[in-house]
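Visitor: A single structure is presented below for examination.
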């Protein structure tokens, strides 16, 4: 069976605004029933794949009926949050999907693809199939119903176009959020394909028991090579680019001779809670402004007590931020690295980096390309493993930096950072200009939003 190097990669979603059950399409689908999406696709994202340049006029073709019949809608690379609003009113009417040439278009690029994983519902590669190109934390759909959770019985793994030179690995997990028993499958550089025709026959008996999938072995790019900012926290004076934010005054930080310590007390967190209610946003953070694409990196010293809980933060405002962090030993993630997306008061786990719990030092890195954010972790700063990827529209200027947490009732945490670094592309490094933080007396984003809300409320009362 030949490997497919996709020109376009299509993320399909059950509901509008990229919500609900999600799947990938990289090759023609005669009937969407085979991928579990018969007449229930309401939004989608189309990315330029690694082979897109061979035909820049390529589009995805959506058909009303099976076998590429009926009305047709052609879409190029881009984000389509509501197919019900299109001129063809194509929401929940897609029964087959094909690809073909059309007018030239521009749009988002997918990024790297180290491995292509095809998962089948039945043994011997039969039944419905899903294609996995990135980490999936939960194969259950948004309504809690089983989709492909506990239904995978056979697997094919192909070497992708961005396969690392030292090999890669797919890890299948028994439970969502990369929990429970695991089945690692390694792909060596000399291999191009691996097949597991019957998971029920394995000693681990993994048939119909897979709930999450992680692709290991992604390396951070060599794209951001020029360091334009570095703070090793030497001395006792904060750099003018930084702004310390501690909404409730429960955190503490201190610049030591060559490292930064951040202390937090139980309950200090940085999320809005389940369904956007009951959370806590009091975790302290150290932030600076940056524009355009970048990479940020830090190194953390890890003690045997595993008291560290914190990491990198990309912050637009309180309703739009990303967290890449090491969890503490007493936390439910037991010291693993996790990458979280927090948008519109909603939380989503985008990836989990295991295998680094016993590392004595931990490197964390986030890379931004437009609206795409990729996260990585390493025990030595050389060999990086992916911790997930996500797309969030944050605008040209964001704030980046460090944070520490003490979620729930775990013991107080003490997190140590050796440095913080900001990288740019070589072609853009000369254009970088540091942005001096607002004076301490100036209101933060949260305070400003609160003041505006208070003014609106007073104005409404005056009208009444």
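Numbering (my numbering), first residue to last: -12 to 451. Ideal Cβ positions, reconstructed from N, Cα and C, are used throughout, including at glycine.
Is it true that the stretch 166 to 185 meets the stretch 145 to 158, where meeting means three or more beta-carbon pairs spaced less than 8 Å apart?
Guide: yes
Visitor: Relative to the C-alpha of residue 31, which residue among 359, 70, 369 is closest?
Guide: Nearest C-alpha to residue 31: 70.
Visitor: What did DSSP end up calling residue 319 once you bin it into helix, strand or coil?
Guide: coil
Visitor: Let's see if you can read the secondary structure: which residues bound the beta strand (DSSP E) around residue 157?
Guide: 155 to 162
Visitor: Is residue 37 helix, strand or coil when you go by DSSP?
Guide: coil
Visitor: DSSP state of residue 3, grouped into three classes?
Guide: Correct three-state label for residue 3: helix.
Visitor: Candidates 316, 158, 311, 277: which alpha carbon is nearest residue 291's?
Guide: Selection 316, 158, 311, 277 evaluated against residue 291 yields 316 as nearest (Cα-Cα).
Visitor: Could you tell me the distance, in whole angstroms, from the CA atom of residue 217 to the CA atom of residue 388?
Guide: 11 Å
Visitor: Near residue 257, what residues of its chain come up, given a Cβ to Cβ distance below 7 Å and the 5 sequence neighbours on each side ignored?
Guide: A distance below 7 Å between beta-carbons, with the five flanking residues on each side excluded, links residue 257 to the following residues of its chain, in chain order: 268, 270, 310, 390, 392.
Visitor: Indicate whether residue 361 and residue 376 have their beta-carbon atoms separated by less than 8 Å.
Guide: Going by C-beta atoms, residue 361 is nearer than 8 Å to residue 376.
Visitor: Once DSSP output is grouped into helix, strand and coil, what is the label at residue 423?
Guide: coil
Visitor: Should residue 334 be flagged as near chain B, meaning a C-beta pair shorter than 8 Å?
Guide: No chain B appears in this structure, which consists of one protein chain only.
Visitor: Figure out for me which residue from 410, 378, 421, 412 has the closest Cα to the Cα of residue 33.
Guide: 378
Visitor: On the premise that residue 405 lies in contact with residue 286, defined as a C-beta separation below 8 Å, what is that separation, rounded to the nearest angstrom?
Guide: 4 Å
Visitor: Tell me, which residues are paired with residue 106 by DSSP?
Guide: Paired residues: 117, 142.
Visitor: Out of 16, 231, 358, 318, which has the shortest C-alpha to C-alpha gap to residue 280?
Guide: 358
Visitor: For the beta strand (DSSP E) holding residue 301, just list the boundary residues, first then last.
Guide: Counting along the chain, the beta strand (DSSP E) containing residue 301 begins and ends at 297 to 304.
Visitor: Does residue 261 come out as helix, strand or coil in the three-state DSSP assignment?
Guide: helix
Visitor: Taking C-alpha atoms, which residue in 126, 159, 293 lies nearest to residue 170?
Guide: 159
Visitor: What would DSSP say about residue 82, mapped onto helix, strand or coil?
Guide: Here residue 82 carries a coil assignment [DSSP, helix/strand/coil].
Visitor: In three-state terms, what does DSSP make of residue 285?
Guide: strand
Visitor: In its own chain, which residues sit with a C-beta less than 7 Å from the C-beta of residue 192, not counting the 5 before and 5 after it?
Guide: none
Visitor: So, at 7 Å on beta carbons, what are the nonlocal neighbours of residue -2 in its own chain, with the 5 sequence-adjacent residues on each side left out?
Guide: 9, 11, 31, 32
Visitor: Going by CA-CA distance only, name the one from 55, 63, 185 that's closest to residue 113.
Guide: 185
Visitor: Which residue from 255, 249, 198, 272 puts its Cα closest to that of residue 231?
Guide: 272
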